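What follows is a single structure, written as structure tokens, with notes after it.
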Amino acid sequence: MVNAWYIPERNSITFPYAFWNPPYYSYEYPQAYNYAGQGGTAGHELVHGFDDQGVQFDADGRLSGCSWIECGWLEEKSKNGFGDMAQCVVTQYSTQCCPQTGGTTHCANGAMTQGENIADLGGQLAAYLAYREYITKELGEEEKRLPGLEQYTPNQIFWITYGFSWCMSQTDSSLIRQEETLKRPYFQLLTDVHSPGSCRVNQVMQDIPEFARDFGCTMGQNMYPEPEQRCPVWVAE
């Protein structure tokens with residue numbers, strides 16, 4: 001497995017060389033693929049600088065000595081807005097339950113996974129907006145459709161690529177262990193604070209209305225919830 005990471009004390013992002021090679025990235029790949037995968041990872045790590053932990057550090061990597069809801073370098077309006085945004089994500093992911101093949105569902109711990117969830121939501125939206133910026137201002141036209149996948153637009157390929165990036169084979173027992181462990185604060189430093197892969201895909205797409213627009217979803221459908229049921233992260237609706 002190849003990973004990238006953000007270090008708040010250094011205010012730095014690290015991408016191992018392997019990230020710049022297939023299957024993660026290639027100059028010859030469609031840019032929809034590159035932006036959704038590599039761009040989404042870059043956005044994810046950038047947003048870590050502004051998640052529940054990142055906002056506690058200033059630009060020089062100094063801890064501001066505050067909790068995320070009252071950090072000194074945030075203006076009052078920003079504090080309130082961040083608190084509302086973070087709480088929305090916590091509540092939402094606490095009720096975002098991943099189904100098992102047997103029909104049973106198990107819910108994760110939204111409070112414990114909020115940093116990664118904020119990074120997923122904000123980072124993937126940033127990657128999509130960057131892709132559209134590239135298309136309109138640099139390429140000047142839509143990318144060609146992929147051979148064998150002509151039924152999908154380049155925008156749809158972007159979202160399919162994001163979903164593909166979290167494709168995994170996970171047994172029901174493994175999913176239960178991951179979710180149950182996340183509910184035990186004692187094991188916080190010993191466990192994965194990421195939500196299960198299926199939650200990371202579906203919840204992100206449900207919260208980003210551009211996904212629903214690109215696939216022609218109707219408001220009220222499972223993947224296109226009403227605005228009050230979505231959590232906009234670092235973006236004004």
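Just so you know, UniProt numbering puts 6 at position 6 of the sequence shown, and the rest follows in order with no gaps. We put the beta carbon where it would ideally sit given N, CA and C, even for glycine. All of these numbers come straight from a predicted model, not from anything done at the bench.
CA-CA distance, Tyr-24 to Leu-146, rounds to 18 angstroms. Here DSSP, grouped into helix, strand and coil, assigns Ser-26 to coil. In this structure, Leu-121 sits near Cys-231, with a CB-CB distance shorter than 8 angstroms. For Leu-63, the secondary structure class from DSSP, reduced to helix, strand or coil, is strand. As the crow flies, the alpha-carbon of Leu-74 is around 13 angstroms from that of Gly-49. Judged by beta-carbon spacing, Met-223 lies within the 8 angstroms limit of Phe-211, meaning their Cβ atoms are closer than that value. Here Asn-117 is buried: its Cβ has 16 or more other Cβ atoms, across all protein chains shown, within 10 Å. Spanning the alpha carbons of Gly-61 and Ala-86 requires a straight line of approximately 22 angstroms. DSSP places Ile-208 in the coil class of the three-state scheme, outside both helix and strand. The beta carbon of Met-205 sits closer than 7 angstroms to the beta carbons of Trp-159, Phe-211, Met-223 from its chain, once the five residues preceding and following it are set aside; these are given in chain order. Given a length threshold of 4 residues, each whole run of the alpha helix (DSSP H) inside the stretch 97 to 167 is given here in chain order: 114 to 134, 154 to 165.
For the pair Cys-88 and Val-55, the Cα-to-Cα distance works out to about 17 angstroms. Annotation for Ser-78: the continuous alpha helix (DSSP H) segment containing it runs 76 to 94.
When secondary structure is reduced to three states using DSSP, Ser-198 falls in the helix class. For Arg-10, the closest of Gly-39, Lys-77, Asp-58 by C-alpha to C-alpha distance is Asp-58.
Under DSSP, Phe-57 takes part in a beta bridge, and its partners are Leu-63.
With respect to the 8 angstroms criterion, Thr-136 and Ser-195 are not classified as neighbours on the basis of their beta carbons. Going by beta carbons, Asp-207 and Gly-115 fall outside the 8 angstroms limit. Membership of Tyr-33 in any beta strand (DSSP E) is not indicated; the residue belongs instead to the alpha helix (DSSP H) covering 31 to 34.
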